[in-house]
Structures are given as C-alpha cells and as structure tokens.
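As structure tokens, the structure follows; a few thoughts come after it.
Protein chains in written order, with my numbering: chain A, 32 to 309; chain B, 23 to 560.
Structure (structure tokens):
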C-alpha cells in the first residue's frame, strides 16, 4: 500500500470546469463614476436579454426565478435595499470564500442582468424571518461544530461556514440540514476505500482521477491512494453529514440555527501593519 | 546534443538560419497529401488528409510503452489551454495557443525559436474562450485563424506577418478558431460565432495574396435549394449559425473537402426558424476548386440542443458486405456514430455510441426517428446527451489494420430550457440554457467501434468526462487522456491500459502527435498551457 500524507489537493471543481472557462484574467474595473441609473432600466427588450443572460450564467446557483437555490436569494437582497452599484460590484469581483466567481462579462451585460433582476424584484422575498440566533449558536456548538469550522474554530470534515450567511439562501440551508445528501459539494462527496489488508477508511473525497484518489478521513487526516493499491473504492450517495430531521432538530430549533448561520458573513483576516521595533 | 547547444547559444534569428540548413523548409501540397509517410513530419491538423490520426511508427510498442518518460516540457507562460495540433517540419514544431499566440519550438529541446502574438480587441464577443486549433503549412508559410476573425499568414522561419485578411466582423460576434486546411493552391477555413447569430461559411483563400477564391454558406440563402428549409420571410437565415470550428478532411481522388457544420441559431428556441435549417448540423462535401457542394447529409435536422456537427470527418476505404466502399466516418455530438458513403452521401451505418434519448434510430432515408418529449421549453426537458454531446471537438482516430474507430465518448444528460430572446448584434443569442440534472452522474470513456457494424469492440471508462483526442499507431497502441490530466496508452486490440502519466492539466481537442527525430519516436502531448514530449527511456 502506498499512501501520501499532507499532500496539496487541487480542487476537483476546478478540474471539472476548467475546460469551459475563459482564461483567468484580471476582471475589468467597476465603472467610475457609476451611472446614477441603469441604462437599461425599464427597457422591455433589454430586460428580456437580461433574463437570458441571467438564466444561462446565474440561474444554476441562484435559481431560475432568482429566489435562490444553493446561492443566495437575490430577490431578498433586492428587497433588502441592495443598490445597483453593490450588485454590480459583487458580480464583477465575486465573493471570496464562496462559490461566487468574479465575472468578465462586459459592463453592458451586467447592466442587462441587473435590469432583469430589478424588474422581477418587486415580488416578496422568499427568505423567512430568522430565529433566535443566540440559541442557534448554542445548538450549532453542540451539534455541528465538530465537523464545521467558523472563524477558525471547529472541525474541518465539512465545509467551512464562516461566510455561509452570504453564500446560501434560507431555503438552501433548510434543505441542506434536513436532507444533506440532496446536493453534495464536489469536495465533500462520501467515499470509502478498502485497503489490501481489508481496512475500510471513510471520508470526504477531495479529488480523484483514473488512477488515484484523495480524501479527508473522519479523523481529518488527508489521505491519498493509488487505486491499484486498493481492493475497492465505494462511492456513497449519502452525505457524511447525518440528516437532521424534525425528530432530531425540531422546526423551532432549525429556525434558530438558520438564524445563527445567517449572521455568519465572514471575518476580517487581514492583519494590520505592525509598527517596526525600535 | 549538438543542436541543443547551438540553439541555447544563438539568438532566435540565427536559429532560423541553422534550421533552414536542416531541410528545405518548404512544403508542397503533394507532401501534405503523402501524409505521415515521412516519419519526421506532421504537416496538417489530422496528420494526413484522411484525418485518421493513425501513425505508421512502431518504435513504441505495447511491450515497451511502460518505459515512456518525459524528455522536455515547453511552457507558454500564458493563460489558457492548448487545443491545437502542433505541426512538425524538419525538426521544428509550430503550434498555436490561447489568446492569438503562436510559437515555433525546437523539437529536440523544447526551446522557443520565435513567438507570434496578435492583440485581442477589448470589445471582442466570444462564447467559449480564445482558443485555437493550429496552423496549416504550405510553401514556407504558416496560416492561422484568429479569435477576432482574421486569417494571418506568417513566415515559417521568423514568425513575421506576411498578410492579414479580415474574414468577418468580430464586433457582431464572428470569431475563428479552426486550423486551416491547405489543399492544392488554397487555404480553406471556416468561421465561428453562432452563439451570436452569425451566418456561417467555409472560405478558400489564395496562400500568396490572401484573396478569397470561393465561399460556401453553411446557412442556405435565397437562390440556394437549401433555402426551402428556412423561413422564406424575415432574417432567420442571416442569423442561422452553422459555425465551422474543427478542421475538415480532403479526398484527392474526388477533389472533395468534407466539413462538419455547426448548429443552427438560436441554439434552443427554434420556433422562429421552422424547417430543417440546411446546411447546419450537417456534413458537406465541397469541390475543392469551386466550393460547390456535391452532396450534404444532415445529421440533426432542425437541431434544438446545440449539437454542432463540428467533429472530425475520418476518411477510409472499407469492405462492406463484400463490396469496397469509400466512406467517411463521423462520431457526432448528437450521440450517433455514422459510416457514410463519401461518393454519394448515403448513410451506411448509424448507431448510438452513447446513451441517446432524442431519437429511436436513424431511419432508412437517413433521417433520425425522433422520440417525444425532447423539445426544450421554459420548464425544461431532460435529454441525453447534454449540450457538450456524445463527443465534441476532440479528434478521433482510425486503425485501418484492425478496422477500428477510436472515439472519446461522453455519457451525459441535461435539462434543456428555451425561451424567445430578441436578437441584438453582438449579444449572445442562445435563447435558452441548460442545467445538469441534480441526480446526473456524468462520466467519460475511450470507445473502440467497428465502423462496419457500429458495434462497440471495447471501452475504458474514466471517472469524469474527457475532452482529449485520440492517436493510434501501427504498433498496436492507442493514446488518449482522461478528464483529469492523465495521458494513457492502451493495447488497441483489447483496450488494456498499459501506461499512464499525470501531466497536471486536462488535455483537450488533440491527444497529441508522434514523430521520429534522431532515430527516436516521440509522443508530443499538449496539456494545459504546456507541451510535454515523451520518448522511451534510453
């Protein structure tokens, strides 16, 4: 058996998608000065074009109706008062620490998308009111933090949730807690390898190719194996995260947990310049 | 070693002079027609005019392929991945890359001789990346299409620009990525950009002057019999798509060039383009001198799934039911493998090579027998394969000795949406989108197909889909890559995997080439933005 410890694992997501992407170039700047009004606002034809652009570029994560799927509910953002400038900036620069990438779309196309979102953004937001975040934090510490990390504290087997409040819609959080197997992020699929001597090791898959597999086991050890050295590789449709049904997490508690998760919007990791020592 | 020291020591101009001494450096159309007969050359995209990508070389064999080791790596220092097939002329590799870049490279050492770069306009409209599929060579000139829809001719020795022809207006979405095809005294190219509502064409240009000799519209217009398959009023045909972005093949005996054509536009919403939409999603056989169509065969009439038929047509002479037949083989993005009589254009064999849910079969007239429930709409309909198709731009290969067609297959499905979208010049005009069904597990495979029956001989599966082409050799090897950076060698008769090497990046379009240099057989693999040259360990 040959295994590698502490190897660097490139994201499988990047491997999957790199064939479809244009080269990573520095995104264009934000228009300066930013126009006081979207040049396409209210233009029916432009809004139709914006819908097409939105559905093909954004709909997979934010939902075809923009009410959020995995990504945040954009109608809630708009209802919450997000300005065009802020939305433009988010599209252009992406959101670090989330799946939201920076976009190289021409300025005009971003304005088309925003015109479309503004046009449908008059409907009520889908996000339900948040629960008791303080109680949610206690529940999270007791039931979730052994696997999920927030602001540098907690486990690492599951995704880091430091910014989950700005990365997930309310509906997506409910879905992912009640039924975590429905959508599993590419770097967290469940796998069990069976070694030549019959040892079974279960973990979250980080990468794989035809001849090798890399995963984090349940003790958070990064493991890499050549498939030729294994008896078997078992891919499991279920998530490593247990389903938190109503019997395990009543609706009120779920709402409190989601209330807490909604407060997680990232932390400032920049270390201030320190004065030179005399 | 002599050459290596020389190149390192001398400036680029001096290198060109020393290379001139190694060979004539001037390629005739007859030499291209002779294909891979000279083992030290690779003169056209598909290796020869048949596009079989089957090398006669036998130094690397099933018995010793496990001794292949890297000899050198060339890094472009640019972003973006290779999709090109490098040409080899007298010890020098000529290859195009991402963002209108191109290089001449010493094939012994991997050292750059010259570099060409053309600026990309800031207002470029492009759906799918500023890729390029390679040079054509004729005389002492190289020919390259550019992402901003030009054809440029370069001096082989220096990379300097000899002429620059505008093919179409990039500002409204035209682009070009195809490796030109040099046939007799013509440079044949195609235009891309169908996602922006362009009208596609195939052109022939004079290699010396850049003057256009002929044009074939891939979307029929008034006066063409194919126009009956488009709305007779309005501008549908002017925006009808039909891109060309993969190099065709040439049959010298019939003087016909064969090109697969792209899908009609807009991609998904098709109510405003009633009819079969000729000559999109078709194979066209054109007289090389005039550009007139001798015949056409439409794989996917009135396509609604973005299934460009821009795959490589592979020519061969087969014995079918005891009769010698001149055929063209075509593994299509729509999921069917076809063997077609290349004299008449009639279908001989048509059989799915991946899961297909849109057509029950191809009927006796050559028309697909459609299955219900596959028309994209605003609510979405699930169809297999996905928009990427059963295969795509990756080159297949054909081993005539075992009568085996090798293709990189994609097992995929998608939910297709469509909605009406007003046309606007320069704005992406797909009128729909696709999503991967949430329960869908895609995978890839290298498949070996008998072109006489369409039956699968063997397959080797990969965990993810691959975009790599295939290369086979007379020693009984076939090379292909998985979707995750591994280059693999197989026994071409059994599909047994014999060797692999992790290159670190996905391999796209072409698996690479093989050639002899100084008595050694090289395997050259474009991977990501690098070229890696392998040879047997000495």
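Even glycine gets a Cβ: it sits at the ideal position worked out from N, Cα and C.
As the structure is a computational prediction, the values presented were derived from the model and not from experiment.
Would you identify the three-state DSSP class for residue i, choosing helix, strand or coil?
| i | result |
| --- | --- |
| residue 209/B | strand |
| residue 416/B | coil |
| residue 257/A | strand |
| residue 324/B | coil |
| residue 140/B | coil |
| residue 85/A | helix |
| residue 403/B | strand |
| residue 249/B | helix |
| residue 49/B | strand |
| residue 71/A | coil |
| residue 524/B | strand |
| residue 150/A | helix |
| residue 107/B | coil |
| residue 231/A | strand |
| residue 446/B | coil |
Expressed to the nearest angstrom, what Euclidean distance is found between the alpha-carbon atoms of residue i and residue j?
| i | j | result |
| --- | --- | --- |
| residue 154/A | residue 105/A | In this prediction, residue 154/A has a pLDDT of 43, which is less than 50 and means its spatial position is unreliable; what the coordinates show is noted afterwards. Whole-angstrom Cα-Cα distance: 11 Å. |
| residue 235/B | residue 339/B | 30 Å |
| residue 296/A | residue 85/A | 25 Å |
| residue 54/A | residue 449/B | Reliability fails at residue 54/A, whose pLDDT of 35 lies under 50, so the model's placement of it is uncertain and the value that follows must be treated cautiously. Cα to Cα, residue 54/A sits roughly 20 Å from residue 449/B. |
| residue 461/B | residue 407/B | 15 Å |
| residue 253/B | residue 297/B | 7 Å |
| residue 422/B | residue 310/B | 25 Å |
| residue 433/B | residue 376/B | 6 Å |
| residue 233/B | residue 162/B | 18 Å |
| residue 160/B | residue 184/B | 13 Å |
| residue 279/B | residue 83/A | 37 Å |
| residue 95/B | residue 277/B | 39 Å |
| residue 97/A | residue 403/B | 20 Å |
| residue 201/A | residue 150/A | 22 Å |
| residue 45/B | residue 62/B | Because residue 45/B carries a pLDDT of 45, less than 50, the predicted location of this residue cannot be relied on, and no value is offered for it. |
| residue 257/A | residue 244/A | 7 Å |
| residue 292/A | residue 328/B | 41 Å |
| residue 306/B | residue 227/B | 19 Å |
| residue 371/B | residue 510/B | 29 Å |
| residue 485/B | residue 496/B | 28 Å |
| residue 199/B | residue 198/A | 37 Å |
Just list the residues that DSSP pairs residue i with in beta bridges.
| i | result |
| --- | --- |
| residue 298/A | Bridge partners of residue 298/A: none, in fact. |
| residue 182/A | BP columns for residue 182/A are empty, so no partner. |
| residue 120/B | DSSP, once it has assigned bridges, lists no residue as partnering residue 120/B. |
| residue 436/B | 405/B |
| residue 266/A | 222/A |
| residue 577/B | Nothing about residue 577/B can be reported from this structure: the residues present for chain B run from 23 to 560 only. |
| residue 519/B | 512/B |
| residue 236/B | 226/B |
| residue 244/A | 239/A and 256/A |
So with CB distances below 9 Å, who are the chain A contacts of residue i?
| i | result |
| --- | --- |
| residue 441/B | 79, 82, 83 and 86 |
| residue 67/B | The premise fails here: residue 67/B is roughly 20 Å from chain A at the closest Cβ pair, so nothing lies under 9 Å. |
| residue 452/B | 83 and 87 |
| residue 323/B | Residues of chain A passing the Cβ test: none, with the nearest at roughly 25 Å. |
| residue 484/B | 240 and 241 |
| residue 449/B | 80, 83, 84, 139, 140 and 143 |
Can you pull the chain A neighbours of residue i, defined as C-beta to C-beta under 7 Å?
| i | result |
| --- | --- |
| residue 533/B | None at all; the shortest Cβ gap to chain A is about 15 Å. |
| residue 446/B | 80 |
| residue 504/B | 240 and 241 |
Please compile the residues from chain B whose C-beta is within a distance smaller than 9 Å of the C-beta of residue i.
| i | result |
| --- | --- |
| residue 191/A | Residues of chain B passing the Cβ test: none, with the nearest at roughly 23 Å. |
Strictly below 8 Å CB to CB, what residues from chain A border residue i?
| i | result |
| --- | --- |
| residue 455/B | 83, 86, 87 and 90 |
| residue 460/B | 213 and 214 |
| residue 522/B | 241 and 242 |
| residue 84/B | None at all; the shortest Cβ gap to chain A is about 19 Å. |
| residue 108/B | Result: empty, since nearest Cβ-Cβ is about 19 Å, beyond 8 Å. |
| residue 117/B | Going along chain A, no residue has its Cβ under 8 Å from residue 117/B, so there is no contact; the nearest lies around 17 Å. |
Does the Cβ of residue i lie closer than 8 Å to at least one heavy atom of the ligand PLP?
| i | result |
| --- | --- |
| residue 352/B | Absent from the structure shown: the ligand PLP. Ligands present: none. |
Identify the contact partners of residue i in chain B, using a Cβ-Cβ distance below 8 Å as the criterion.
| i | result |
| --- | --- |
| residue 76/A | 444 and 446 |
Practice prompt. Say whether the stretch 213–223 of chain B touches the stretch 280–299 of chain B, bearing in mind that this needs 3 or more beta-carbon pairs closer than 8 Å, one atom from each stretch.
Written response: yes
Worksheet item: Within the chosen definition, does the stretch 516–532 of chain B reach the stretch 491–508 of chain B through at least 3 CB pairs nearer than 8 Å?
Response: yes
Item to complete: Flag this pair as touching only if the stretch 467–479 of chain B and the stretch 53–70 of chain B have three or more C-beta atom pairs under 8 Å; answer yes or no.
Response: no
Worksheet item: Are the stretch 248–257 of chain A and the stretch 228–238 of chain A in contact at 8 Å, needing three or more beta carbon pairs?
Response: yes
Worksheet item: Would you call the stretch 544–554 of chain B and the stretch 514–521 of chain B in contact, with 3 or more CB pairs under 8 Å?
Response: no
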